[in-house]
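Data first, discussion second: the structure below is written as structure tokens.
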Amino acid sequence: MFDNTCKFIAEMYSPDFATWLLGEPITLTKLSPTELSLEPIRADALILLQSDEVVLHIEFQTKPDEDMPFRMADYRLRVYRRFPKKRMHQVVIYLDKTESEKVYQTTFIAGSLQHEFSVIRLWEQPPEVFLAAPGLLPFAVLSATENKVATLQQSSAAVDKIADRRTQSNIAAASAILAGLVLEKDVIERLFRKDIMRESVIYQQIKIEGEEEGSDKKARQIAVNLLKEGMAVDAIARLTGLSVEVVQQLQQGESGNQE
Numbered sequence: 185m186f187d188n189t190c191k192f193i194a195e196m197y198s199p200d201f202a203t204w205l206l207g208e209p210i211t212l213t214k215l216s217p218t219e220l221s222l223e224p225i226r227a228d229a230l231i232l233l234q235s236d237e238v239v240l241h242i243e244f245q246t247k248p249d250e251d252m253p254f255r256m257a258d259y260r261l262r263v264y265r266r267f268p269k270k271r272m273h274q275v276v277i278y279l280d281k282t283e284s285e286k287v288y289q290t291t292f293i294a295g296s297l298q299h300e301f302s303v304i305r306l307w308e309q310p311p312e313v314f315l316a317a318p319g320l321l322p323f324a325v326l327s328a329t330e331n332k333v334a335t336l337q338q339s340s341a342a343v344d345k346i347a348d349r350r351t352q353s354n355i356a357a358a359s360a361i362l363a364g365l366v367l368e369k370d371v372i373e374r375l376f377r378k379d380i381m382r383e384s385v386i387y388q389q390i391k392i393e394g395e396e397e398g399s400d401k402k403a404r405q406i407a408v409n410l411l412k413e414g415m416a417v418d419a420i421a422r423l424t425g426l427s428v429e430v431v432q433q434l435q436q437g438e439s440g441n442q443e
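Remember, our numbering sits 184 above the position in the sequence shown when you count from 1.
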């Protein structure tokens, strides 16, 4: 949820991110991983934005990932293969404070091959950076602030001043979601109006995903029960709407539990 929220606002409010990360208020368009010929690596966590001259590659992470250096090097080469004349800026943005040394890794090394990328640890960044632009407001509460409640209040006040209703609802929802990493739910709900957040694309998407997840879980449970009754896999797939492969995986799981 946190990674997807960050991905959404980075794509929706790319000029704010370009100003922050590139130093230029460029309007960037989304670049699909499929345009890079090869299969994407964890495309759900990947953000590729481009202009005529630059490609901005952002990875938002709530937890350290030991494969991150390789992934950054891999995508640098993929982009070079597709756009050899474009410059590229790559940055990993860590959301949640951690003591892991992995969040300080900025280089991939394999023999004589060496590739460098940027890393931003939000808990080390001044809150003023994020309070200055609508698209960055959701990150303010995760910054180097001693009073996170007061910073979230500043973010909420800034959101209230946003004239465009859609932008206001999207930024409010994103701010509330990311604040969940560091603050209690009741504190967040006091500062952001639910009626505004419900209008946001983010809120609607989370609701849809929740409903789909609930429906899928129910179908899987029904399939497990039918497997216990000895029903054929093909018949279960037709009744539940699950694929034959999924039902077979559930069948294998049940067989393993019985051993």
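All residues carry an ideal CB built from backbone N, CA and C; glycine is no exception.
For residue i versus residue j, is the C-beta distance shorter than 9 Å?
i      : j      : result
THR335 : LEU365 : no
PHE292 : PHE254 : yes
LEU232 : TYR259 : yes
Just the C-alpha distance for residue i and residue j, rounded to the nearest angstrom, thanks.
i      : j      : result
LYS281 : ARG305 : 8 Å
VAL275 : LYS214 : 16 Å
ARG266 : LEU212 : 17 Å
LEU230 : LYS269 : 22 Å
LYS332 : VAL313 : 15 Å
LEU466 : LEU410 : Any answer about residue 466 is impossible in this case: the structure gives the chain only from 185 up to 443.
GLU330 : VAL371 : 16 Å
GLY437 : ALA419 : 18 Å
LEU326 : THR246 : 11 Å
THR351 : GLU237 : 27 Å
LEU362 : ARG262 : 31 Å
ALA194 : GLY414 : 49 Å
ILE346 : CYS190 : 19 Å
Should residue i be labelled buried (16 or more other beta-carbon atoms within 10 Å of its own) or exposed?
i      : result
ALA416 : exposed
GLN405 : exposed
Hey, out of the options, whose CA is closest to residue i's CA?
i      : options                        : result
MET381 : VAL263, VAL408, ALA407, ALA360 : ALA360
GLN309 : ALA257, THR218, ASN354, ILE277 : ILE277
LEU220 : THR189, GLU208, VAL239, LEU205 : VAL239
VAL430 : LYS412, TYR197, ALA403         : ALA403
SER216 : TYR197, TRP204, THR203, GLN234 : GLN234
PHE201 : SER353, PHE323, GLU250         : PHE323
LYS401 : GLY207, LEU434, GLU208, GLU250 : LEU434
Does the stretch 331–341 come close enough to the stretch 292–301 that 3 or more CB-CB pairs lie under 8 Å? no
Kindly confirm or deny that the stretch 396–410 and the stretch 374–383 touch, where touching means at least three C-beta pairs closer than 8 Å. no
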